[in-house]
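**Q** Position 247 of the sequence shown, counting from 1, maps to 251 under my numbering, and the rest follow consecutively.
Here a beta-carbon is modelled for each residue, glycine too, at the ideal position from N, C-alpha and C.
All values derive from a computational prediction rather than experimental measurement.
Please find one structure pasted underneath; my questions will follow.
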Amino acid sequence: MALKKILSAILLACAAHAERFEAAESHMGTVVRITIYAADDSAIKPAFERIAELDRELSDYNSDSELNILCSTAHDWPVLVSRDLYRVLDAAQKLAARSDGAFDVTIGRVTHLWRQGRLADRETLARVGWRNLVVRGGTAYLKLAGMQLDLGAIAKGFAADEALAVLRAHGVKQALVAMSGDIAAGDPPPDKEGWTVKIQPGGREMLLKNEAISTSGDTEQSLEIGGVRYSHIIDPKTGLGLTNHLAVTVIAKRGLDADPLATALSVMGEPRGRAMLAKYYPRATAFFTTSQADERGSINSK
Ligand code: AMP
Ligand code: MG
Numbered sequence: 005m006a007l008k009k010i011l012s013a014i015l016l017a018c019a020a021h022a023e024r025f026e027a028a029e030s031h032m033g034t035v036v037r038i039t040i041y042a043a044d045d046s047a048i049k050p051a052f053e054r055i056a057e058l059d060r061e062l063s064d065y066n067s068d069s070e071l072n073i074l075c076s077t078a079h080d081w082p083v084l085v086s087r088d089l090y091r092v093l094d095a096a097q098k099l100a101a102r103s104d105g106a107f108d109v110t111i112g113r114v115t116h117l118w119r120q121g122r123l124a125d126r127e128t129l130a131r132v133g134w135r136n137l138v139v140r141g142g143t144a145y146l147k148l149a150g151m152q153l154d155l156g157a158i159a160k161g162f163a164a165d166e167a168l169a170v171l172r173a174h175g176v177k178q179a180l181v182a183m184s185g186d187i188a189a190g191d192p193p194p195d196k197e198g199w200t201v202k203i204q205p206g207g208r209e210m211l212l213k214n215e216a217i218s219t220s221g222d223t224e225q226s227l228e229i230g231g232v233r234y235s236h237i238i239d240p241k242t243g244l245g246l247t248n249h250l251a252v253t254v255i256a257k258r259g260l261d262a263d264p265l266a267t268a269l270s271v272m273g274e275p276r277g278r279a280m281l282a283k284y285y286p287r288a289t290a291f292f293t294t295s296q297a298d299e300r301g302s303i304n305s306k
């Protein structure tokens with residue numbers, strides 16, 4: 005009993021000495037901000053290194069990434085992939101099935117054209133379709149040559165989870181990893197109920213602990229052609245960027261769910277999206293907002 009008291013006194017003393025540390029680095033095409041309460045900031049570097057490692061595996065911008073090598077080689081037979089890539093592809097395919105193809109990481113050919121300010125043609129769309137990607141037993145396989153995978157709607161949420169896991173492994177539990185619209189929260193800051201995160205558009209404030217939040221919408225990136233504003237989120241059925249000006253925020257236990265769900269729900273719209281959540285993700289929460297053209301779609305955290 006006495007030992008228990010001494011131990012809890014030591015723990016309290018340690019918690020009282022926790023200082024706030026914050027650092028930012030650029031990874032995955034965005035600024036990643038890590039905030040922790042700890043005795044020192046030594047856990048932050050390995051957490052950023054983990055994100056950099058995931059970027060090398062999952063990026064479709066880097067021709068040497070594991071993902072891009074998979075796209076150019078995995079046509080004739082299944083290829084063994086890393087544990088990280090497998091986890092992301094497997095989660096992506098589950099959501100593709102549950103969302104009836106609204107979420108589709110085989111959209112890469114279309115998104116690469118979008119980045120050049122161009123809309124997809126029929127030939128490009130012929131190389132899109134989640135059923136043409138087979139993920140099983142640690143391997144992946146693309147049924148058609150010329151397919152391009154794009155994990156831009158899921159990789160950041162997963163990376164935020166993994167950075168949080170590295171911090172935790174270093175004994176740091178009070179932490180927040182923010183990758184623009186994708187945030188993973190650990191235990192709350194000292195004497196707080198949670199981490200305060202502000203959702204844009206709308207400015208709603210949320211308190212988060214041990215959960216992840218992601219926002220998708222066309223306020224961060226859009227392309228205007230012929231007076232129509234196309235979102236960077238593509239409806240895989242048409243190959244066109246969304247024009248519904250919807251912003252969707254999802255709170256789930258893991259960024260690996262919140263990030264792709266926010267994208268999928270943007271494509272599905274509220275009625276279909278809510279029906280899918282109720283069926284497969286009853287513990288996730290979603291907010292649907294119509295975004296304004298001049299609003300910045302980001303999440304601020306403190
Ligand atoms: P997010 O900001 O998480 O909604 O992700 C958007 C990014 O995901 C886009 O920039 C594309 O790279 C990719 N993407 C676009 N549409 C889809 C879709 N329907 N399913 C999966 N990924 C998509
Ligand atoms: Mg997403």
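Within the present structure, is the beta-carbon of P205 separated from the nearest heavy atom of ligand 1 by less than 7 Å?
**A** In the sequence shown, counting from the first residue as 1, residue 205 sits at position 201. No; taking the cut-off as 7 Å, the Cβ of P205 has no heavy atom of ligand 1 nearer than that.
**Q** Ignore the nearest five residues each way along the sequence and tell me which others in D298's own chain have a CB closer than 7 Å to its CB.
**A** Taking the first residue of the sequence shown as 1, we reach residue 298 at position 294. Confidence at D298 is low in this model, with a pLDDT of 39, below 50, so the placement of that residue is unreliable and no value is reported for it.
**Q** Given that a residue counts as buried once 16 or more other Cβ atoms are within 10 Å of its Cβ, and exposed if not, what is E26?
**A** By 1-based counting over the sequence shown, the position of residue 26 is 22. Label assigned to E26: exposed.
**Q** Look at the alpha carbon of Y284 and the alpha carbon of R233, and state the distance between them as a whole number of angstroms.
**A** For the purposes of this step, residue 284 is taken as the residue at position 280 of the sequence shown. For the purposes of this step, residue 233 is taken as the residue at position 229 of the sequence shown. One C-alpha to the other measures close to 32 Å.
**Q** Please return the same chain residues whose Cβ sits closer than 8 Å to the Cβ of S86, not counting the five positions on each side in sequence.
**A** For the purposes of this step, residue 86 is taken as residue 82 along the sequence shown, with counting starting at 1. The answer, listed in chain order, is E61, E70.
**Q** Could you check the C-alpha separation between K306 and E29 for me, to the nearest Å?
**A** Counting from 1 along the sequence shown, the entry for residue 306 is found at position 302. Counting from 1 along the sequence shown, the entry for residue 29 is found at position 25. Legend: pLDDT at K306 = 36, less than 50; position of this residue unreliable, no value from coordinates given.
**Q** With 16 other CB atoms within 10 Å as the buried threshold, where does R140 fall?
**A** As a first step, residue 140 is located in the sequence shown; it is residue number 136 there, counting from the start. By the 10 Å Cβ count, R140 comes out exposed.
**Q** Quick check on this structure: which residue in G175, V201, L129, D186 has the alpha carbon closest to the alpha carbon of L153?
**A** Within the sequence shown, residue 153 is the residue found at index 149, counting from 1. Residue L129 is the option with its Cα nearest to L153.
**Q** Less than 8 Å between the beta carbons of L244 and L123, yes or no?
**A** As a working mapping, residue 244 is identified with position 240 in the sequence shown. As a working mapping, residue 123 is identified with position 119 in the sequence shown. Cβ atoms of L244 and L123: closer than 8 Å.
**Q** Suppose you measure from the CA of K213 to the CA of A163; what does that come to, to the nearest Å?
**A** Along the sequence shown, one-based indexing puts residue 213 at 209. Along the sequence shown, one-based indexing puts residue 163 at 159. If I take the Cα positions, the gap works out to 17 Å.
**Q** Quick check on the DSSP output: the alpha helix (DSSP H) that includes A51 runs from which residue to which?
**A** As a first step, residue 51 is located in the sequence shown; it is residue number 47 there, counting from the start. Note, A51: alpha helix (DSSP H), 48-62.
**Q** Run through DSSP, which three-state label would D263 get?
**A** As a working note, residue 263 is residue 259 in the sequence shown. Helix, per DSSP.
**Q** Take A96 as the anchor and find which of A56, A282, S67, T267 has the nearest alpha-carbon.
**A** Residue numbering aside, residue 96 sits at position 92 when the sequence shown is read from its first letter. The shortest C-alpha separation from A96 is found at T267.
**Q** To which residues of the same chain is F291 closer than 6 Å at the C-beta, ignoring the five residues directly before and after it?
**A** Taking the first residue of the sequence shown as position 1, residue 291 is located at position 287. Cβ within range, chain order: T253.
**Q** Hey, out of G273, G259, K177, whose CA is closest to S184's CA?
**A** Numbered from 1 along the sequence shown, position 180 holds the residue referred to as residue 184. Looking at the Cα atoms, G259 is the closest of the given residues.
**Q** Examine ligand 1 and report whether any of its heavy atoms sits within less than 7 Å of the Cβ of A290.
**A** What you label residue 290 is simply residue 286 of the sequence shown in a count that begins at 1. Outside the cutoff, so no.
**Q** Take K147 as the anchor and find which of P82, P275, D45 has the nearest alpha-carbon.
**A** Counting from one through the sequence shown, the residue named residue 147 turns up at place 143. Here the closest residue by C-alpha is P82.
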